[in-house]
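The numbers in the working numbering rise by one with no breaks, and the one at position 199 of the sequence shown is 201.
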Amino acid sequence: MDFYQTFFLGLLQGLTEFLPISSSAHLILVPALFGWVDQGVAFDLAVHVGTLLAVVLYFRDDVFKIARDGLVSMGQRRVVGQGALALYLVIGTIPAGLAGLALLDIIDNELRAVEIIFATTLFFGLLLGLADWIPNRQRTLDSLNWKDALLVGIAQAIALIPGTSRSGITITAGLFLGMSRQAASRFSFLLAIPITALAAGVKLLEVAAADMVVDWNAFLVGGVTSFLIAITAIHFFLKWLNTVGMWPYVIYRIILAGVIYAVLM
């Protein structure tokens, strides 16, 4: 890949990973639209590491407190501070982790079709819009229980289908469970940390097992770009959340589905 392709894909990953518009769909559709070669596993690893570092850095205070309280809670065998939230993040990660291990080949080889991305982009976009219309959503993260975490985790597992959007469907699930926009989004972003770390780990093993030559320039450009854009996207998404809501992203997904249908189908 040349510099501009690497930079653009890194920008695209950073922008779309945490917005409810599906990063996987964009990383599949854009190369198909422009006739670019597949970016490869090493590049996927780079942008995953970039977005992982972005969300960890942005929520560093929360991450430290949750990890600390989770470990203390385990040691004392009782809930301390945010120990319950640590447990819920583990519960929410399990469904997607198991589904990813069991269905990885199917996802990579059979679910990347343009027709599937068209359907998931449109359907789950409309579902997000419906969830955002629900009145009296006032639940905070303090009100979560293990059943909520499991349901959001199952939703995250569905997001393995390209076009669904991990952040989109987990926020949708949170809204349907009565969470406020802020609470649903915050839980979604925190839930991104363990699953993104697992995805990066899997891709690292793929790179190591294949003994492939890594284009370090592309790796660094893609990783740094995705990091900078992702941390900016998280900041402004949360800043504007109560003002703009979810419907700008719903409208974007409807338009994107129309473009997919008109140009690629």
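For each residue, glycine too, the CB sits at the ideal point set by N, CA and C.
A quick note: this is a predicted structure, and the numbers were derived from the prediction, not measured.
Which one or two residues does DSSP pair with M181 in a beta bridge?
R141
Considering just the uninterrupted stretch of the alpha helix (DSSP H) at K117, what are its terminal residues?
Strictly speaking, residue 117 in this sequence is Glu, with Lys absent from that position. Looking at the DSSP string, the run of the alpha helix (DSSP H) that includes E117 is 116-134.
Please state whether the Cβ-Cβ distance between G12 and V49 is less than 9 Å.
yes
Using the beta-carbon count (16 or more within 10 Å), is T142 buried or exposed?
exposed
With DSSP run on the structure shown, which of helix, strand or coil describes P33?
P33 sits in a helix when the DSSP states are folded into three classes.
Would L103 pass as a contact of A151 if the rule is Cβ separation under 9 Å?
no
Presumed contact (8 Å Cβ cut-off) between R114 and P164, rounded CB distance
5 Å
Just to confirm, is the Cβ distance from T95 to L162 under 9 Å?
No, they are not a contact pair.
Find out if the Cβ-Cβ distance for the pair N219, T18 is shorter than 9 Å.
no
Check whether T227 and G16 have beta carbons under 9 Å apart:
yes
Would a C-beta distance cut-off of 9 Å place D71 and L55 closer than the cut-off?
no
To the nearest angstrom, report how far apart D144 and L153 are at their CA atoms.
If I take the Cα positions, the gap works out to 17 Å.
Between N14 and L29, which are expected to be in contact by the criterion C-beta below 8 Å, what is the C-beta distance as a whole number of angstroms?
According to the sequence as given, residue 14 is Leu; it is not Asn. Yes, they are in contact, since the Cβ atoms of L14 and L29 sit about 7 Å apart, within 8 Å.
Hey, out of L130, F61, I156, D63, whose CA is closest to I253's CA?
L130
With DSSP run on the structure shown, which of helix, strand or coil describes N244?
N244 falls in the helix class under three-state DSSP.
By the three-class DSSP mapping on this structure, what secondary structure does I23 have?
coil
For the stretch 37-47 against the stretch 193-208, do three or more pairs of beta-carbon atoms, one drawn from each stretch, fall closer than 8 Å, so that the two count as touching?
yes
Cβ separation of R139 and L177, assumed to be a contact under 8 Å, to the nearest whole Å
6 Å
Restricting to Cα atoms, I'd like to know which of W148, M181, Q78, I118 is closest to L31.
I118
Nearest neighbour of A202, chosen from Q158, G52, F191, A212 [CA to CA]
G52
Neighbour-count burial assignment, Y6, 16 or more Cβ in a 10 Å radius
exposed
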